[in-house]
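First comes the structure, then the notes that go with it.
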Amino acid sequence: MTDKPTVLFLCQHNAGRSQLGAALLQIIAGDRFTATSAGLSPADTVNPAIAATVAELGLDISERTPRAVTVDDLQTADIVVAMKPGLAIPATPTGRFLGWKFPDPTDWTAENVRPLREAVAERIRCELL
């Protein structure tokens with residue numbers, strides 16, 4: 006039995022970038038990875054524009070609940086992807102650490118999010134697959 010590598014996408018609020026990363030990895034890689042996401046100070050809901058652009062690809066993430074990252078998350082993930090530089094994470098990841106820099110889409114429309122979605126997808130294809 007082969008375990009799937011776990012990829013943790015991390016951002017500040019777990020409402021936009023990290024949710025987008027986890028959803029795109031799930032869409033692009035299928036069941037080759039376990040995609041998770043978390044944030045340092047979770048929002049109440051997933052960013053609607055992020056959810057809308059992911060839904061365009063056939064995955065509904067609108068009901069996902071943002072959550073706080075834990076030390077266990079950081080110590081059990083095979084790969085941790087920080088979607089924002091300089092995050093003050095609560096522990097040193099034991100797996101591979103990738104620092105990506107993507108803008109905060111908090112107040113963006115779906116139209117504005119689409120280029121971000123494509124940029125994150127390309128980064129996933131280049132660095133994770």
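Everything in the sequence shown is counted per the working numbering, starting at 6 for the first residue and increasing by one. Idealized CB from N, CA, C, for every residue including glycine.
For the beta strand (DSSP E) holding residue i, just list the boundary residues, first then last.
{"i": "residue 66", "result": "Taken as a continuous stretch (DSSP letters only), residue 66 belongs to no beta strand (DSSP E), as it is neither H nor E."}
{"i": "residue 85", "result": "84-87"}
{"i": "residue 103", "result": "101-104"}
Rounded to the nearest angstrom, what separates residue i and residue j at their Cα positions?
{"i": "residue 8", "j": "residue 37", "result": "9 Å"}
{"i": "residue 66", "j": "residue 52", "result": "10 Å"}
{"i": "residue 1", "j": "residue 111", "result": "Because residue 1 is not part of the residues shown, which for the chain are 6 to 134, the question remains open."}
For the candidate residues the options, whose alpha-carbon lies nearest to that of residue i?
{"i": "residue 81", "options": "63, 101, 70, 90", "result": "101"}
{"i": "residue 31", "options": "21, 22, 12, 19", "result": "12"}
{"i": "residue 130", "options": "27, 18, 21", "result": "27"}
{"i": "residue 115", "options": "47, 44, 24, 56", "result": "56"}
{"i": "residue 18", "options": "73, 68, 33, 39", "result": "73"}
Does DSSP put residue i in a helix, a strand or coil?
{"i": "residue 121", "result": "helix"}
Give the range of the alpha helix (DSSP H) segment to which residue i is assigned.
{"i": "residue 26", "result": "22-34"}
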